[in-house]
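First comes the structure, then the notes that go with it.
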Amino acid sequence: MRSTCASPACSLSSTCPGFRSKLRVPELCRFYGIIIRMHYGDHAPPHFHATYGDQEALVSIDNLAILKGRLPPRARGLVVEWAALHQSELREAWDRAARREELVRLEPLR
């Protein structure tokens, strides 16, 4: 298992918050081969994880910029388009995840 934690101190150790959060990472949405997830109790700034194939990016909820990682240009464009449509729902999901409450699945991009 590879870690996806954005912390510079991240390792594959079970003491790493990113490693622990991979144990149960809610999937918010899936479309065109892209998987959108949000970790419980993740670090600021508010963001979500977008995975396409073996590539992953952390995407800011506030400005939809890639914070870390990368996606192919087409997948990146689809993620930003989807996130723009669901930005307020993503903010709500971030708040719920911070309180470790159940997250609601969001509609896919059609």
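The opening residue of the sequence shown carries number 253 in our numbering; numbering runs sequentially from there.
Beta carbons are placed, not taken as given, at the ideal position from N, Cα and C, and that holds for glycine.
Beta-carbon separation of residue i and residue j under 8 Å?
i: Ile-286; j: Tyr-304; result: yes
i: Glu-333; j: Leu-361; result: yes
i: Glu-308; j: Ala-317; result: no
i: Gly-293; j: Ala-349; result: yes
Using the beta-carbon count (16 or more within 10 Å), is residue i buried or exposed?
i: Asp-347; result: exposed
i: Val-311; result: buried
i: Val-331; result: buried
i: Ala-296; result: exposed
Give me the Cα-Cα distance between residue i and residue j, rounded to the nearest whole angstrom.
i: Leu-342; j: Ala-335; result: 8 Å
i: Glu-354; j: Glu-279; result: 11 Å
i: Leu-323; j: His-338; result: 19 Å
i: Asp-314; j: Pro-298; result: 7 Å
Along the alpha helix (DSSP H) that carries residue i, what are the first and last residues, could you check?
i: Val-311; result: No alpha helix (DSSP H) holds Val-311; the beta strand (DSSP E) holding it covers 307–312.
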